[in-house]
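Residue numbers (the numbering used here): 34 to 182.
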């Protein structure tokens, strides 16, 4: 029985993967996905392995992995010679980055909560130019809030 692999245009691949056509072209340009085959008329077309690879890349990007991390993860995903510890180490390093960002975001949340509370208590309803938020921000040390966010 001849099993026909679906052929996707860039638009159909975009719809199936949730990745925009310009991003697909960019991933081709930087070598994350192979260059598309072309029809006689020059239209790009892709098949199921391209969709799987693109879906994997999208998942990695949705998790916040950098392009270079995605490149390494792609290589690891097809390697029989490399240890999966490499994959774990990349994920762990990224998890550490995410946790550091969460600390910074919690600090930002605390500072913004104070600004809003002080405005509500001190000047809400008065002239905008007199808002304590502006004064507090002007008197803050550069980079003192949220690790420099």
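Glycine included, C-beta positions come from ideal geometry on N, C-alpha and C.
Task: Own chain, CB closer than 6 angstroms to residue 52, minus 5 neighbours either side, in chain order - done: 87, 91
* Asked: In the structure shown, what three-state DSSP assignment does residue 41 receive?
  -> strand
Item checked: Segment contact flag, the stretch 40–57 with the stretch 65–78, C-beta cutoff 8 angstroms, min 3 pairs -> yes
Hey, how far is the Cα of residue 167 from the Cα of residue 100? 38 angstroms
| task | Select from 98, 95, 169, 116 the residue whose C-alpha is nearest the C-alpha of residue 145. | result | 169
Residue nearest to residue 54 in terms of C-alpha spacing, selected from 172, 115, 42, 143:
42
Nearest to residue 60 by CA position, among 40, 94, 71, 74, is which residue?
-> 94
Exercise for the section: Closer than 6 angstroms by C-beta to residue 180: which residues in its own chain qualify, once you throw out the five before and the five after it? Chain order, please. Expected result: Low local confidence applies: a pLDDT of 45 at residue 180 is under 50, so the model's placement there is unreliable, with the coordinate-based value given in what follows. Same-chain partners within the cutoff: 137.
Using CA atoms only, rank isn't needed, just tell me which of 56, 50, 40 is closest to residue 71. 40
In or out: residue 182 buried (at least 16 other Cβ within 10 Å) or exposed?
-> Note that residue 182 scores 46 on pLDDT, short of 50, meaning its location in the model is unreliable and no value can be drawn from it.
*What are the residues that DSSP puts in a beta bridge with residue 79?*
41
### Task
Would you mind giving the Cβ-Cβ distance between residue 120 and residue 107, rounded to the nearest angstrom? I have them listed as a contact below 8 angstroms.
Not quite, the Cβ-Cβ distance comes to about 11 angstroms (not below 8 angstroms), so this is no contact.
| field | Collapsed DSSP secondary structure at residue 70 in the structure displayed | value | strand
Whole runs of the beta strand (DSSP E) within the stretch 100–132, excluding any shorter than 3 residues
none
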